[in-house]
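> Got a structure for you, written out below as structure tokens; questions coming shortly.
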Amino acid sequence: MLPYCLSVRRALPLLGLALALAAVPAAAQQKIKTTPSPDPREGLKAGKFDAGIAIWNMKMLSTTPSPGPFALNTNSDLAFSGTKVYQGNYDGLMIWDIANPAKPYLVNWVHCPASQSDVSVYKNLLFVSAEGLTGRMDCGTGGVPDPVSKDRVRGIRIFDMTDPLKPKYVGNVQTCRGSHTHTVVTDKNDPDNVYVYISGSAGVRSADELPGCSGLAPDADPNSALFRIEVIKVPLADPSKAAIVSSPRIFTDLAPAPTRLTPAAPSPNAAARGGAGARARLVPGGGGRGAGGRRSRGRGVVVRRSWGRGWRATRPHRSEPVP
52 MLPYCLSVRR ALPLLGLALA LAAVPAAAQQ KIKTTPSPDP REGLKAGKFD
102 AGIAIWNMKM LSTTPSPGPF ALNTNSDLAF SGTKVYQGNY DGLMIWDIAN
152 PAKPYLVNWV HCPASQSDVS VYKNLLFVSA EGLTGRMDCG TGGVPDPVSK
202 DRVRGIRIFD MTDPLKPKYV GNVQTCRGSH THTVVTDKND PDNVYVYISG
252 SAGVRSADEL PGCSGLAPDA DPNSALFRIE VIKVPLADPS KAAIVSSPRI
302 FTDLAPAPTR LTPAAPSPNA AARGGAGARA RLVPGGGGRG AGGRRSRGRG
352 VVVRRSWGRG WRATRPHRSE PVP
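Sequential numbering of the sequence shown, starting at 52, is according to this note's numbering.
Given below as structure tokens:
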């Protein structure tokens, strides 16, 4: 039986804000030696508001559906700052207050479509990933029908959340493949800036839309946008001047990953974004000392971010591949 903490059968658009933050006290945890048997997840009832729930070793305090403008689209990620929770959604983001986790309330929301809208927060700044082809620079809802357009945004959006009731869209950084997800990294030797590592999984945009973008394989074009991450430097004094400062190729010279007997075709989602399966995902590992990770084509890579001699936020160092 697989270990679990919380299992809820619900459609993603209805995920809302599910808080299961009250863990069982340590003394009680010590008394629970094994997981329940039979597994209560088996045979859970499907549904929306009435979906079946199985919980072990935790207590659900509340479940709050997304508000109207976001109810029909997919939620993506959560970022926490004090009593605030920033919830990403393919149609934008929501700001919740969970000072009383049993009764979270919606502080504000920003309607700004662009999948996948993964979110991270650092002090007063909120970073939002934009990867879809329909995201607009002006956060409009009309999409971007033209194959090449100056109105499209694919990369990182930056908001000033000093006043959550009046979010300010302070800028964005455009990249060749957009940002499927990202990680915020700080450098103790550089307190005036914060760094955002981003990773895209969509197809490479046209060089006519963003100069310098190349979808050729890296062995055919050393400047290819495939199999790399981008490191964005964000000046805290003026985040509107955020810009890419390096594009590390942390997969260089990796041995081929193990394959299935029959290679899998690109997923429908990747195909819909114009991808061909040459995708990667950056996995958060926290700021400061430590490590992050990234996976691509079935291969995981540990990225060292320790504060050793010569370390810089702009130069992540690959450690060991993980099969």
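We put the CB at the ideal spot given by N, CA and C, even for glycine.
Quick one: what's got a C-beta closer than 6 Å to D202's C-beta in the same chain, skipping five residues either side?
The residue given as residue 202 occupies position 151 in the sequence shown. Once the five neighbours on either side are set aside, the close Cβ partners of D202 are R187, M188 and V195.
> Going by the beta-carbon positions, is the gap between V247 and H233 smaller than 7 Å?
Taking the sequence shown and counting its residues from 1, one reaches residue 247 at position 196. Taking the sequence shown and counting its residues from 1, one reaches residue 233 at position 182. Yes, they are a contact pair.
> So what does F178 bridge to, in DSSP terms?
On the sequence shown, residue 178 is found 127 positions in, with the first residue counted as 1. S171 and I209.
> So does the stretch 127-136 actually touch the stretch 168-176, counting three or more Cβ pairs closer than 8 Å?
Contact holds: three or more Cβ-Cβ distances are below 8 Å.
> Taking Cβ to Cβ, would you say R228 is nearer than 7 Å to A253?
Taking the sequence shown and counting its residues from 1, one reaches residue 228 at position 177. Taking the sequence shown and counting its residues from 1, one reaches residue 253 at position 202. Yes. Within cutoff.
> Assuming P286 is part of the beta strand (DSSP E), what are its boundary residues?
Taking the first residue of the sequence shown as 1, we reach residue 286 at position 235. Where P286 is concerned, the enclosing beta strand (DSSP E) stretches over E281 to P286.
> How would you call D214, buried or exposed, if buried means at least 16 neighbouring beta carbons within 10 angstroms?
As a working mapping, residue 214 is identified with position 163 in the sequence shown. Counting Cβ neighbours within 10 Å, D214 comes out exposed, since fewer than 16 surround it.
> V235: which of G251, N274 and F178 sits nearest, CA to CA?
As a working note, residue 235 is residue 184 in the sequence shown. Of G251, N274 and F178, the residue nearest in Cα terms is F178.
> May I ask you to list the residues that DSSP assigns as paired with M188?
By one-based count along the sequence shown, residue 188 stands at place 137. Answer by DSSP bridge pairing: none, since M188 is not bridged.
> If contacts are defined as beta-carbon pairs under 8 Å, then N223 and V204 qualify, I think. What distance do you get, rounded to the angstrom?
Within the sequence shown, the letter at position 172 stands for residue 223. Within the sequence shown, the letter at position 153 stands for residue 204. Going by Cβ atoms, the distance from N223 to V204 rounds to 5 Å, so yes, they are a contact pair.
> Taking one C-beta from the stretch 96-108 and one from the stretch 141-152 each time, how about it: are there three or more such pairs within less than 8 Å?
Flag = no, the stretch 96-108 and the stretch 141-152 do not touch.
> Measuring only the C-alpha atoms, how far is D259 from T303?
On the sequence shown, position 208 is the one that residue 259 refers to. On the sequence shown, position 252 is the one that residue 303 refers to. Cα to Cα, D259 sits roughly 27 Å from T303.
> Considering only residues of the same chain and omitting the five flanking positions on each side of V376, which have a CB-CB separation below 6 Å?
The chain is shown only over 52 to 374; residue 376 falls outside these bounds and no answer can be derived.
> Going by other Cβ atoms of all chains shown within 10 Å of its Cβ, with 16 needed for buried, is E93 buried or exposed?
Residue mapping note: residue 93 aligns to position 42 of the sequence shown, counting from 1. Under this definition E93 is an exposed residue.
> So what's K99 in DSSP terms, helix, strand or just coil?
Stepping through the sequence shown from its first residue, residue 99 is reached at position 48. If DSSP states are grouped into helix, strand and coil, K99 belongs with coil.
> If you draw a straight line from the C-alpha of I104 to the C-alpha of P91, how long is it?
For this step, residue 104 is matched to residue 53 along the sequence shown. For this step, residue 91 is matched to residue 40 along the sequence shown. If you take the alpha carbons of I104 and P91, they lie about 9 Å apart.
> Can you name the residues that DSSP bridges to R162?
For the purposes of this step, residue 162 is identified with residue 111 of the sequence shown, where counting begins at 1. Checking the displayed sequence, the identity of residue 162 turns out to be His instead of Arg. DSSP, once it has assigned bridges, lists G143 as partnering H162.
> Can the beta-carbon of Y137 be found closer than 7 Å to that of V245?
For the purposes of this step, residue 137 is identified with residue 86 of the sequence shown, where counting begins at 1. For the purposes of this step, residue 245 is identified with residue 194 of the sequence shown, where counting begins at 1. No; because the gap between Cβ atoms is not below 7 Å, this pair is not in contact.
> Apart from the five residues just before and just after P218, which ones in its own chain have a Cβ nearer than 6 Å to its Cβ?
Position 167 of the sequence shown holds residue 218. Contacts found: V161, F210 and M212.
> From the DSSP output, which residues share a beta bridge with A417?
In the structure displayed, the chain extends from 52 to 374; residue 417 sits before or after that span and is not available.
> When DSSP builds the beta bridges, which residues end up paired with T234?
As a working mapping, residue 234 is identified with position 183 in the sequence shown. Paired residue(s): Y248.
> Quick one, are the C-beta atoms of S230 and G206 less than 7 Å apart?
Numbered from its first residue, the sequence shown carries residue 230 at position 179. Numbered from its first residue, the sequence shown carries residue 206 at position 155. Result yes, Cβ atoms of S230 and G206 sit closer than 7 Å.
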